[in-house]
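> Shown below is the structure under consideration.
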Amino acid sequence: MRTTNSFHAHHSPMGSHSSFTVGMFGANGGMALEKGSPADQSIFLGYRSESGLTKLFPFYENLVNDAERFSQDDSKEEAKTIEFSKSEIKRNYKWATDEFIAPGISFRIKTPFFSIPDPESASEESLKKASCPASFIEISISNDSDENWDGFFAIQGSTPWTPLSSRDGNLKGMMSRDEMGFASDDESLSEFIDFGIEQALAGTHKTPNFLLGPIGGISFKVTAGTEKTVRIALGYFRDGDVVFNRSASYWYTQYFDSIESVFSYALKYYNDFSDIVQKADNDLLSYGLSEDQQFLIAHATRSYYGSTEWLVEDGKPLWIVNEGEYLMINTLDLTIDMAFFELSLNPWTLKNVLEHFVDHYSYEDQVFSPEDPNTLLDGGVSFTHDMGVGNHFSPDKYSCYECAGIDRKCFSYMTYEQLTNWVLCAGLYISKTEDIEFLKRHACLLESCFESLKNRDNPDHSKRDGLMGYDSSRTMGGGEITTYDSLDHSLGQARKNIYLGGKCWASYLALEKLFKLLGKGTIADSAHASAILCANTLANAFDDDLGFIPAVLEDGNQSAIIPAVEALIYPHKMGLDEALNLEGEFAGYLSILKKHISNILKPGICIYEDGGWKLSSSADNSWMSKICLNQYVIHEILKMNYGGEASADNAHVEWEVNGSKSQACSDQFASGKPIGSLYYPRIVTNILWLDAHTMRWS
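Counting in the working numbering, the sequence shown runs from 91 upward without gaps.
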């Protein structure tokens, strides 16, 4: 159970790359578009009595009155403003609802999410509903006093506010630059723009046209002894091209022509969206997971949607997941981890990303041995790390990240890992959807991928061991890395890495399945033989003295890593049950992996003092997304328990709510402190827990 209610969370419509970030006490948050961090806005929410006492939530950094910059007030009268204390604020954090409750007031944020229909076959109305760039809030005030109150909601921004009543007589609220704002269709509300909350509410009349004021808001009367609930839509709108080096706009612009139209639609269907929110909340509760597990799933889901962009380019959908704070476009080593979430809700988004990599971000290279970097041999096809950054698309065949001449450090190439990622994503997608047309369209590419995998083992087939042994010519003599780019060589180095070796084994199994579906029995048998070779190499590398398989099978490496087992997830999700049979063909490999985990999943090796998981024994750096994925593999596939499961979940919750409280949801931690990958989408790997019957320790 988490120890604090003070932490930021995303609240984001699907595919609009926007967020209303709120929840950390004493910190700014607010509304933002296409930003890899929380907005820097103060949020004012509470009520004011007739006698002048104001009570509000502490969703701001400083309570100041900007009027002091324009005029001086010599009075010594103390402000009658009281923040609700931490002990007064309760927080109910569900899958689609985030609710704050304090004396006399409740504040609910509703963020609907649901399966996004396939644009190729769905109706216009269903697509309009799914793409509507709005989320919702409800403010309920119960006035049990003997004097009247004014409830209020306001945001202090850096750009001017415009009162909605001046643009649409049916709406009350505020918008900024026609791109974001909040609205209600409650005619009893009053609008205001001012320098301070007390100043706005204490006046004998409201000042909605005082555009000089940085605080824009709405207020409403709650007479003594009554209750009132106000419904508000938070909306976003950005028209025209929103990318660079290409031409694409938000999908929702096909149905909405202004932010006012977004507000009107969202408020019209407020009840429908609320029903969706309630269903999501109930669904998560129904799985029987612990409170900590439910929190981590809810937190991750919000952060994922905060990074999504659903665009239209030349009349066709273009799905983008931005890489959190880094804003890299469709990073392929995130795509593979988020695939489980997308396949559970909207498989077409994964297909969209895969085909975009084929059309724009695949390339051919050569390979070299680290002992002879000047001799280049046949390599083959692979895929870039990403598609660009900050809505700037990279030139075709290149990522924004990968640089030549770097030896196994950040920003080097990930050619081999991205090759396995595309193959595995294709295998997962086809296994889930049975999209044979997609399979046939890419049949030749899959054969090329198979040849490329083998060449990167060793171009001489007689010298292959099933693992990556050769680096890409694109490194210009350097060494490739993995998605664990900021770790030491235990997980950072790609060559002879057992984590990546597992993904290679799984890729060969995926290719075998796909070739069989294509009726290509001979090449399917060859892929199977490659999987056997890879598994035997990994199993035979177990070091009895160390008690585990060293992370890198060269240079005397002695690091222990949990992700040695990570790749078991792929045959499991592709329905390749025989490959995971503990008495089957790969029994030797699987038994070694179980022994490996038994010996390293211990305090001082791969468990922190707080019970959290340490992915590598030799590097103080862990990715939450990968922890969630490996937890599933160890418990659900290998059927292993070690007794510290609940403590681990609690530690991971604390990493997020204390360590990363200002950044909504983060992925990369060192000893429980976020060091990167902030505001991140990748942690939705924990969607896997919903079907993990062995993880019900609640």
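The beta carbon of each residue, even a glycine, is placed where N, CA and C say it ideally should be.
Between residue 231 and residue 239, how many whole angstroms is the CB-CB distance? I'm expecting something under 8 Å.
Translated into the one-based positions of the sequence shown, residue 231 becomes position 141. Translated into the one-based positions of the sequence shown, residue 239 becomes position 149. That belief holds up - the Cβ atoms of residue 231 and residue 239 are roughly 7 Å apart, short of 8 Å.
> Cα separation between residue 206 and residue 438?
Mapped onto the sequence shown, residue 206 falls at position 116. Mapped onto the sequence shown, residue 438 falls at position 348. The alpha-carbon atoms of residue 206 and residue 438 are separated by roughly 9 Å.
> Put residue 554 into one of helix, strand or coil per three-state DSSP.
The residue labelled residue 554 in the question sits at position 464 within the sequence shown. Coil at residue 554, not helix or strand.
> How many angstroms separate the CA atom of residue 406 from the CA atom of residue 440?
As a first step, residue 406 must be located in the sequence shown, where it is residue number 316. As a first step, residue 440 must be located in the sequence shown, where it is residue number 350. Their backbone Cα atoms lie some 15 Å apart in a straight line.
> What does residue 832 pair with, by DSSP beta-bridge criteria?
No answer is possible for residue 832: it lies beyond the span of the chain, which begins at 91 and ends at 788.
> Roughly how far, in whole angstroms, is the beta-carbon of residue 310 from the beta-carbon of residue 259, given that I think they are within contact range, below 8 Å?
The sequence position of residue 310 within the sequence shown is 220, counting from 1. The sequence position of residue 259 within the sequence shown is 169, counting from 1. Residue 310 to residue 259, Cβ: 18 Å. No contact.
> Determine the DSSP secondary structure at residue 457, reduced to helix, strand or coil.
Residue numbering aside, residue 457 sits at position 367 when the sequence shown is read from its first letter. Strand, per DSSP.
> Just the C-alpha distance for residue 401 and residue 477, rounded to the nearest angstrom, thanks.
In the sequence shown, counting from the first residue as 1, residue 401 sits at position 311. In the sequence shown, counting from the first residue as 1, residue 477 sits at position 387. Their Cα atoms are separated by approximately 14 Å.
> Beta strand (DSSP E) containing residue 784: first to last residue?
Residue numbering aside, residue 784 sits at position 694 when the sequence shown is read from its first letter. Taken as a continuous stretch (DSSP letters only), residue 784 belongs to no beta strand (DSSP E), as it is neither H nor E.
> Look up residue 587 in the DSSP assignment and say whether it is helix, strand or coil.
Taking the first residue of the sequence shown as position 1, residue 587 is located at position 497. Note: residue 587 maps to strand in three-state DSSP.
> Would you call residue 551 buried or exposed, if buried means 16 or more other Cβ atoms sit within 10 Å of its Cβ?
What you label residue 551 is simply residue 461 of the sequence shown in a count that begins at 1. Exposed is the call here.
> Give a yes or no on whether the C-beta atoms belonging to residue 726 and residue 782 are separated by under 8 Å.
Here residue 726 refers to the residue found at position 636 of the sequence shown. Here residue 782 refers to the residue found at position 692 of the sequence shown. Yes.
> Starting from the N-terminal side, write out each stretch of the alpha helix (DSSP H) that is 4 residues or longer and does not extend beyond the stretch 663–693.
Listed in chain order, the complete alpha helix (DSSP H) runs (minimum 4 residues) inside the stretch 663–693 are 677–690.
> Let me know if residue 152 comes out buried or exposed under the rule of 16 or more other beta-carbons within 10 Å of its beta-carbon.
Translated into positions along the sequence shown, residue 152 becomes position 62. It is exposed - the Cβ of residue 152 has fewer than 16 other Cβ atoms within 10 Å.
> Would you kindly work out how many angstroms separate the C-alpha atoms of residue 321 and residue 133, rounded to a whole number?
Within the sequence shown, residue 321 is the residue found at index 231, counting from 1. Within the sequence shown, residue 133 is the residue found at index 43, counting from 1. Roughly 17 Å separates the two Cα atoms.
> Which residue or residues does DSSP assign as beta-bridge partners of residue 45?
Since the first and last residues shown for the chain are 91 and 788, residue 45 lies out of range.
> Should residue 91 go down as buried or exposed, given a rule of 16 or more other Cβ atoms within 10 Å for buried?
In the sequence shown, residue 91 corresponds to position 1, counting from 1. With fewer than 16 other Cβ atoms within 10 Å, it is exposed.
> Can you pull the DSSP bridge partners for residue 104?
Looking up residue 104 in the sequence shown gives position 14. In DSSP, residue 104 forms no bridge with anything.
> List the DSSP bridge partners of residue 482.
As a position in the sequence shown, residue 482 is number 392, starting the count at 1. Looking at the DSSP assignment, residue 482 forms a beta bridge with 334, 479.
> In whole angstroms, what separates the C-alpha of residue 430 from that of residue 542?
Sequence index remark: in the sequence shown, residue 430 carries index 340 (1-based). Sequence index remark: in the sequence shown, residue 542 carries index 452 (1-based). In a straight line, the C-alpha of residue 430 is about 25 Å away from that of residue 542.
> By the 10 Å Cβ neighbour count, where 16 or more other Cβ atoms means buried, how is residue 184 classified, buried or exposed?
Taking the sequence shown and counting its residues from 1, the one referred to as residue 184 is at position 94. With 16 or more other Cβ atoms within 10 Å, it is buried.
> Sort 343, 764, 195 by Cα distance to residue 136 and report the nearest one.
Here the question's residue 136 lines up with position 46 in the sequence shown. Answer by Cα proximity: 195.
> Taking residue 103 and residue 225 to be in contact with their CB atoms under 8 Å, please state how far apart those CB atoms are, rounded to whole angstroms.
The count along the sequence shown starts at 1 and reaches residue 103 at position 13. The count along the sequence shown starts at 1 and reaches residue 225 at position 135. About 6 Å separates the two Cβ atoms, so the contact holds.
> Measuring straight from C-alpha to C-alpha, what distance separates residue 708 and residue 271?
Locating residue 708 in the sequence shown gives position 618, where the first residue counts as 1. Locating residue 271 in the sequence shown gives position 181, where the first residue counts as 1. So the alpha carbons of these two residues sit roughly 48 Å apart.
> Considering only the beta carbon of each residue, do residue 627 and residue 514 sit closer than 8 Å?
Along the sequence shown, one-based indexing puts residue 627 at 537. Along the sequence shown, one-based indexing puts residue 514 at 424. No, Cβ-Cβ distance for residue 627 and residue 514 is not below 8 Å.
> Assuming residue 110 contacts residue 96 (C-beta within less than 8 Å), just tell me the rounded distance between them.
Position 20 of the sequence shown, counted from the first residue, corresponds to residue 110. Position 6 of the sequence shown, counted from the first residue, corresponds to residue 96. So it is not a contact: roughly 17 Å between Cβ atoms.
> Apart from the five residues just before and just after residue 537, which ones in its own chain have a Cβ nearer than 7 Å to its Cβ?
Counted from its first residue, the sequence shown places residue 537 at position 447. So the list reads 613, once near-sequence residues are dropped.
> Does the stretch 170–182 come close enough to the stretch 117–133 that 3 or more CB-CB pairs lie under 8 Å?
At 8 Å Cβ cutoff, the stretches do not touch.
> Suppose the cutoff is 7 Å on Cβ atoms and the five residues either side in sequence are ignored; what does the same chain contact list for residue 784 look like?
Within the sequence shown, numbered from 1, the residue matching residue 784 stands at position 694. Excluding sequence neighbours, residue 784 sits near 725, 726, 729.
> Are the stretch 736–748 and the stretch 665–683 touching by the rule of at least three beta carbon pairs closer than 8 Å?
Result no; under three Cβ-Cβ pairs closer than 8 Å.
> Decide if residue 162 is buried, meaning its Cβ has at least 16 other Cβ atoms within 10 Å, or exposed.
On the sequence shown, residue 162 is found 72 positions in, with the first residue counted as 1. In this predicted model, residue 162 has a pLDDT of only 38, less than 50, meaning its place in the structure is not dependable; the value taken from the coordinates is given anyway. Exposed is the call here.
> What is the residue span of the alpha helix (DSSP H) that residue 611 lies within?
Position 521 of the sequence shown holds residue 611. Note, residue 611: alpha helix (DSSP H), 611–630.
> Out of curiosity, what's the CA-to-CA distance linking residue 604 and residue 664?
By 1-based counting over the sequence shown, the position of residue 604 is 514. By 1-based counting over the sequence shown, the position of residue 664 is 574. Computed Cα separation, rounded: 10 Å.
> Using a 10 Å radius around the Cβ and a threshold of 16 neighbouring Cβ atoms, would you call residue 330 buried or exposed?
Against the sequence shown, residue 330 aligns to sequence position 240. With fewer than 16 Cβ atoms within 10 Å of its Cβ, residue 330 is classed as exposed.
> Alpha helix (DSSP H) containing residue 511: first to last residue?
Reading the sequence shown from its first residue, position 421 is the one you call residue 511. Segment 505–523, the alpha helix (DSSP H) holding residue 511.
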